[in-house]
Amino acid sequence: MIKTPGYRTKRRKIQKELNALDYWINRPCEDELITPNSNTVLHIVSPQLSQEKSPLNFSLENSFDQRIQFVPENCIADNNSILQTVTTSDSIKLTKSNTNNNNYEENVLQSLQEWAVQCNVHQSTVTKLLKILKYKADLLFLPETCRTLLHTESTKLIGIREVNPGVYYHFGLFNGIIKYSSTIPIQECINIAVGVDGLPISKSSSGQFWPILAYIVPYRNYVFPIGIYYGNEKPRDSNEYLKDFISEVIDLTTNGIIINNEKKKVVIEVICCDAPAKSFLLRVREYGVF
131 MIKTPGYRTK RRKIQKELNA LDYWINRPCE DELITPNSNT VLHIVSPQLS
181 QEKSPLNFSL ENSFDQRIQF VPENCIADNN SILQTVTTSD SIKLTKSNTN
231 NNNYEENVLQ SLQEWAVQCN VHQSTVTKLL KILKYKADLL FLPETCRTLL
281 HTESTKLIGI REVNPGVYYH FGLFNGIIKY SSTIPIQECI NIAVGVDGLP
331 ISKSSSGQFW PILAYIVPYR NYVFPIGIYY GNEKPRDSNE YLKDFISEVI
381 DLTTNGIIIN NEKKKVVIEV ICCDAPAKSF LLRVREYGVF
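Following this line, the structure appears as structure tokens:
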């Protein structure tokens, strides 16, 4: 398998040729000059070479695998202008912009991203590798962390609040209605059915959920969460638990909701819960409990 020279290798070869060219330009001009390396011959063609400044046309042939031809325009013998155009067999130019360099950086970043995802590499391992490549291999364009490389957004949830002895997150009744407004037909009056109940996670754990769920009547197959509580026991204060839900219900039932530039009325038609959940929400003792 033939290994193609890298970007830096090509730059070093080209720089070497430029140094040789500059060296022979500043020497006394002759019809033909041979460089110390016998494989490199510099042909200089000039109408007259005297004390006057005269234009030069020259070409450089090298025994490298790549042949480089220099065809300068308006080249002056005092070396004020040395090079105008440089072309090679693989279309590499000495005056090229940073386009190729940018493509190289993008390819490296993309390859690292694919490797990290496809091989399921741990984030800490990717971060350590990035720091080694960045500071030991001088790949300064690389990010320092795996999150930056993969453009991973923060998973921190905003809006979680403490409800003793657990935590509560409010999704929103408004968001649920808007979500399904494009799926189901919405009438002038939007009737909402709400359900509240406790859900134990497992028999071996005391952790439990207390979700507040809802659907738009009569489309009971499109249930969405309004809020959810998690803790090792049920909320101790139902008022604190229902605070966000009650505030939003008051706002929607009072001001309505705008869907497709039309104002709709919102009504809580029913709240469903079993006997223990009902006594918890109403803060009363269950029937027959002493």
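In this text, residue positions in the sequence shown follow my numbering: the first is 131, and each later residue adds one.
Every residue gets a Cβ at the ideal spot worked out from N, C-alpha and C, and that includes glycine.
Item to check | Anticipated Cβ contact below 8 angstroms, isoleucine 346 with tyrosine 310, distance rounded | outcome: Contact holds; Cβ gap of about 6 angstroms.
Item to check | Bridge partners - glutamine 338, DSSP secondary structure assignment | outcome: Answer is Pro330, Gly361, bridged to glutamine 338.
Item to check | DSSP-derived helix/strand/coil call for glutamate 292 | outcome: In the three-state DSSP reduction, glutamate 292 falls in the strand class (E or B).
Checklist entry - Near leucine 411, which residues of its chain fall below 6 angstroms by C-beta distance, leaving aside the five closest residues on each side in sequence? => result Ser368
Checklist entry - When DSSP labels each residue in this structure, what does valine 347 get in the three-state scheme? => result The answer is coil: DSSP assigns valine 347 none of H, G, I, E or B.
Checklist entry - From phenylalanine 375 to asparagine 237, what distance separates their C-alpha atoms? => result 50 angstroms
Checklist entry - Leaving out five residues before and five after phenylalanine 271 in sequence, what residues of the same chain have Cβ atoms less than 7 angstroms from its Cβ? => result Answer for phenylalanine 271: Glu235, listed in chain order.
Next on the checklist: Suppose contacts are defined by Cβ-Cβ distances below 9 angstroms. Is glutamate 274 in contact with lysine 261 by that definition?
Outcome noted: yes
Checklist entry - For valine 327, which residues of its own chain have a beta-carbon under 8 angstroms away from its beta-carbon, when the five flanking residues on both sides are left out? => result In the sequence as presented, valine is not what sits at residue 327; that position holds aspartate. For aspartate 327, where only same-chain residues beyond five positions count, the Cβ hits under 8 angstroms are Trp340, Pro341, Cys403, Asp404, Ala407.
Item to check | Beta-carbon spacing of leucine 279, glutamine 243 below 9 angstroms | outcome: yes
Checklist entry - What does DSSP give as the partner residues of valine 324 in its beta bridges? => result The partner list for valine 324 (beta bridge, DSSP) reads Ala344, Ile401.
Next on the checklist: Within a Cβ cutoff of 7 angstroms, which residues of the same chain sit near phenylalanine 301, ignoring the five residues on either side of it in sequence?
Outcome noted: Pro355, Ile356, Gly357
Checklist entry - Roughly how many angstroms lie between the CA atoms of alanine 323 and glutamine 338, to the nearest whole one? => result 23 angstroms
Checklist entry - Closest by CA to lysine 333, which one among Asn351, Glu318, Asn362? => result Asn362
Next on the checklist: Tell me the DSSP secondary structure of glutamate 392 in three-state form.
Outcome noted: strand
Item to check | CB-CB length for leucine 382 against valine 400, believed under 8 angstroms | outcome: Incorrect: roughly 16 angstroms between the Cβ atoms, too far for contact.
Checklist entry - By how many angstroms is the C-alpha of asparagine 233 removed from the C-alpha of tyrosine 349? => result 52 angstroms
Next on the checklist: Between Ser409, Pro135, Ile316, which has its C-alpha nearest arginine 366's C-alpha?
Outcome noted: Closest option to arginine 366, Cα to Cα, is Ser409.
Item to check | Reference histidine 281, options Ala246, Ile314, Ile389, closest by Cα | outcome: Ala246
Checklist entry - Out of curiosity, what's the CA-to-CA distance linking asparagine 294 and leucine 263? => result 48 angstroms
Checklist entry - Mapping DSSP to helix, strand and coil, what is valine 297? => result strand
Checklist entry - So, using beta-carbon positions, are isoleucine 314 and lysine 394 closer together than 9 angstroms? => result no
Checklist entry - In the DSSP assignment, what are the bridge partners of isoleucine 387? => result Beta-bridge pairing links isoleucine 387 to Lys394.
Item to check | When Leu303, Arg415, Val414, Ile308 are compared against lysine 373, the one with the closest alpha-carbon | outcome: Leu303
Checklist entry - Roughly how many whole angstroms lie between the Cα atoms of isoleucine 398 and serine 336? => result 32 angstroms
Item to check | Collapsed DSSP secondary structure at phenylalanine 271 in the structure displayed | outcome: Here DSSP, grouped into helix, strand and coil, assigns phenylalanine 271 to coil.
Checklist entry - Which word fits cysteine 276, buried or exposed, when buried means at least 16 other C-beta atoms lie within 10 angstroms of its C-beta? => result buried
Checklist entry - Mind checking whether tyrosine 359 and glycine 306 have CB atoms under 9 angstroms apart? => result no
Checklist entry - Once you ignore the five residues that flank threonine 149 on each side, which residues in its own chain have a CB closer than 8 angstroms to its CB? => result Residue identity differs from the one stated: residue 149 is asparagine in this sequence, not threonine. Cβ within range, chain order: n/a, list empty.
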